[in-house]
Amino acid sequence: MSSIKIDTAKMNNKKIAISIRQVSKADSAAIVALDAEITGADKSAYWTDILDRFAGSDQRMQRYFLVATSADDELLGFIVGEIRAWEFGSPPCGWVLALNVSPGHRERGIGESLLDALCAKFRHADITTLRTMVLGNDKVNLSFFRGEGLAAGPYIELEKRLD
Amino acid sequence: MKLQKASRYALYAVLHLASAPDKQHSTAEIAEEYGISIHHLAKVMRTLVRSGLIESVRGVGGGYRFAGNVRRTTLWDVIHEFESLESDMESPDELSGNAEIVISGLDNVNREIDGLIRSTLDSITLKTLLRYGVENLERG
Chain A
207 MSSIKIDTAK MNNKKIAISI RQVSKADSAA IVALDAEITG ADKSAYWTDI LDRFAGSDQR
267 MQRYFLVATS ADDELLGFIV GEIRAWEFGS PPCGWVLALN VSPGHRERGI GESLLDALCA
327 KFRHADITTL RTMVLGNDKV NLSFFRGEGL AAGPYIELEK RLD
Chain B
5 MKLQKASRYA LYAVLHLASA PDKQHSTAEI AEEYGISIHH LAKVMRTLVR SGLIESVRGV
65 GGGYRFAGNV RRTTLWDVIH EFESLESDME SPDELSGNAE IVISGLDNVN REIDGLIRST
125 LDSITLKTLL RYGVENLERG
């Protein structure tokens, strides 16, 4: 079979200049709004709790909440991650707990930059495995993570209805 | 899971067209490039046009061109017209003894397996598929 090369530069995915920084509590409203825009649900209490636990978290806590902002400080996306260890025998690994990019700014490298920044934090903490869990029909996030090199791992998610 | 020949042809064609999105290619060119049946490929191309992944360009120098997005179009988008994901389990019409319990239990297992296969196929974009292939070949 001949070699197939796809020039993705032709696919209208211009990168955008962004800054990535640690979240602050002042970002709360923008985070809630972006999440609501994507999920259709107002989860203010959830994000307030996450911010309480992750904003200002130091290296020792091994929790990371990074935001991507435009030149005029508009919040364009965010990623939340945490190092967890030894659940069901798993050595310490870096978990991606959330990743959201503004729908109007997708395919411009923002999610990739956020993930790269989080991976750098994990590597700095000597973590060698990245892990996340995504709904099976969440095509956008699943295909993004696969595109970044993640694949099905040795653990299988199991669940049961309790009602 | 064993992919149908039509699925393989569809992937050849879509990836070939996506590799040069500004150009049109004829069925004959693609069939020759991959050493496959032009008649079988022609049927596949018509299905791909109907599904909106490629478009037909008429006139001199006409042919087909890619109409998707390699960063969004998934393996499932390309092959779903040619595949049935429902696990095929032969079971007799009359079930006796514990057979009904066994078959009913296997139905659950098959649904779980089918769901995992569907999720996997629908999460691998054309770009990711190509990367897998290149990495495998480089590893030898």
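Respectively, the protein sequence lines represent chains A and B. First residue of the first sequence: 207, per our numbering; consecutive thereafter. First residue of the second sequence: 5, per our numbering; consecutive thereafter. Glycine residues also receive a C-beta, built at the ideal position from the N, C-alpha and C atoms.
- For A:LEU336, the three-state secondary structure derived from DSSP is strand.
- For the segment 309 to 322 of chain A, residues whose beta-carbon sits nearer than 8 Å to a beta-carbon of chain B comprise GLU313.
- Considering only A:ILE362, A:GLY355, A:LEU324, the residue with the shortest C-alpha distance to A:GLY342 is A:ILE362.
- The residue among B:ARG122, B:PRO96, B:SER95 with its C-alpha nearest the C-alpha of B:GLU87 is B:ARG122.
- Per DSSP, reduced to three states, the secondary structure at A:ILE289 is strand.
- Spanning the alpha carbons of A:ALA277 and A:GLU354 requires a straight line of approximately 25 Å.
- For the pair of segments examined, the segment 296 to 304 of chain A was found not to touch the segment 45 to 63 of chain B: the number of CB pairs separated by less than 8 Å stays below three.
- Between A:LEU336 and A:ALA274 the beta-carbon gap is near 18 Å, outside 8 Å, which marks them as no contact.
- Listed along chain B are SER123, ASP126, SER127, each with a C-beta nearer than 8 Å to that of A:LEU348.
- Using a CB distance below 7 Å, no part of the segment 269 to 301 of chain A faces chain B.
- Annotation: the continuous alpha helix (DSSP H) that includes B:VAL18 extends over 9 to 22.
- Note that the C-beta distance between B:ARG75 and B:THR124 is not below 7 Å.
- Closer than 7 Å to the CB of A:ARG352 there is at least one CB belonging to chain B.
- Membership of A:VAL346 in any beta strand (DSSP E) is not indicated; the residue belongs instead to the alpha helix (DSSP H) covering 345 to 353.
- Setting aside the 5 residues that flank it on each side, A:ASP241 is surrounded in the same chain by LYS249, TRP253, ASN306, each with a C-beta closer than 7 Å to its C-beta; the list follows chain order.
- Residue pairing from DSSP leaves A:PHE260 without any beta-bridge partner.
- If you draw a 10 Å sphere on the C-beta of A:VAL286, you find 16 or more other C-beta atoms in it, and that means buried.
- If you check the CB distance, B:LEU133 and B:ARG69 do not come in under 7 Å.
- Secondary structure of B:GLU59 (DSSP, three-state): strand.
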